[in-house]
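In my numbering, the protein residues as written are 65 to 421.
Before any comments, here is the structure.
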Ligand code: ADP
Ligand code: MG
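Listed below in structure tokens is the structure:
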């Protein structure tokens, strides 16, 4: 996967205000990243620097091979026009121009006016029947869709959206969220600043800022977390069986893109990958033990209490293991009398509750 955005030790100061402090991360082409964090944490500053609207105080920002901090005014204008599609919280539509004309105005700035293409862009965001409306005749969600159509006309490498649903009601928000999903599915790279937990969950990754710093290096989506758990389980089971966790073996067990997932897990210091073999770190080992425990406790519960057939027990437990809290884990364990093995005879790692049980 190609890296599209590379942010290295980025710092931005406005006088004595430090809006961003030593922020580093990368984004792959095709990724959808949600940038979250409280008001004033530097989200807009980050988006503006990536989009070439502000200059970094120090550090480096590369987008699609361009070192944005090194560009002069003219080069910045070209960079924005060629590589970036902006979507703002305020839609910034020209009130006396129709929907179609607003999109064509943006084309004009890119010197590519083409009515058919502008109309196609509007149809793409579901506004084929609103071409001749003025912004005031559109709902907030529709106005934002015009803004997105406008952002797409230059086929930007990177879509930057700053709280695109911030001014919308729930129904319109859902429409924009669906549109972001479609753009992501079509292969666009999207960085979206948002307070919306729904967008946070749908994105591939979340980047959390606090006081201009990365609060968490990178927080992964729930889906990623589940992938991590499944790989941790597989590596743990290899350990139980006394065999090495070869990356190749994990691959054949059917994980989605295990090399990439293992790379992220290495970033989080859950595993170390050496000589094509994955090993659990202490941190990874603790987490793997907890997942294995939840999985096998769930299997026990389903078999003993609900008499769920063996053929279904594993897949049910795979779902359940992600939603059992530590408290529920202990309650189930105590309820079952602190079982030592799962229905298939594999050991259930003891929990805190087992010591006094
Ligand atoms: P967010 O988008 O997360 O709410 P911002 O990036 O807008 O945060 O702002 C981060 C910090 O930088 C805030 O303290 C804000 O007041 C300050 N800041 C942003 N832009 C400017 C500016 N042009 N001049 C001075 N201070 C600014
Ligand atoms: Mg902001």
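For each residue, glycine too, the CB sits at the ideal point set by N, CA and C.
Note that this is a predicted model, so its numbers are computed, not measured.
Residues near residue i in its chain [Cβ-Cβ closer than 7 Å; skip 5 each side]
i, result
"residue 189", "209, 212, 213, 243"
"residue 185", "167, 213, 216, 217"
"residue 85", "75, 276, 277"
"residue 268", "95, 96, 97, 285"
"residue 404", "411, 412"
Extent of the continuous beta strand (DSSP E) run through residue i
i, result
"residue 98", "96-100"
"residue 86", "81-92"
"residue 78", "67-78"
"residue 308", "From DSSP, residue 308 is part of no beta strand (DSSP E); its letter is neither H nor E."
"residue 122", "122-127"
Residue i at chain D interface by Cβ criterion, 8 Å
i, result
"residue 80", "Looking for chain D here will not work: only one protein chain is present."
Reference residue i; option with closest CA among the options
i, options, result
"residue 377", "407, 104, 327", "407"
"residue 157", "120, 70, 198", "198"
"residue 206", "164, 179, 178", "164"
"residue 251", "89, 264, 97, 108", "97"
"residue 313", "306, 324, 298", "298"
"residue 341", "315, 354, 361, 364", "315"
"residue 110", "135, 69, 204, 260", "69"
"residue 264", "92, 128, 101", "101"
"residue 83", "91, 90, 73", "73"
"residue 326", "143, 356, 351, 295", "295"
"residue 204", "81, 248, 153, 176", "153"
Cross-strand partners of residue i (DSSP beta bridge)
i, result
"residue 271", "99"
"residue 335", "344"
"residue 411", "405"
"residue 149", "223"
"residue 254", "96, 223"
"residue 131", "126"
"residue 277", "274"
Alpha helix (DSSP H) segment containing residue i, residue limits
i, result
"residue 213", "204-216"
"residue 163", "163-173"
"residue 108", "107-114"
"residue 241", "234-249"
"residue 393", "390-399"
Contact set for residue i: own chain, Cβ-Cβ below 6 Å, skip 5 residues either direction
i, result
"residue 421", "Caution is warranted here: a pLDDT of 45 is assigned to residue 421, below 50, making its placement in the model unreliable, and the coordinate value is therefore given only provisionally. Hits under 6 Å: 402."
"residue 155", "207, 208, 211"
Residue i: CB within 7 Å of a non-hydrogen atom of the ligand MN
i, result
"residue 81", "Of the ligands one can find in the structure shown, namely the ligand ADP and the ligand MG, none is the ligand MN."
Sequence-distant residues of its chain with Cβ nearer than 8 Å to residue i (five each side left out)
i, result
"residue 259", "100, 227, 230"
Cβ-Cβ separation, residue j to residue i (assumed contact under 8 Å), whole Å
i, j, result
"residue 232", "residue 223", "About 17 Å; that fails the 8 Å criterion."
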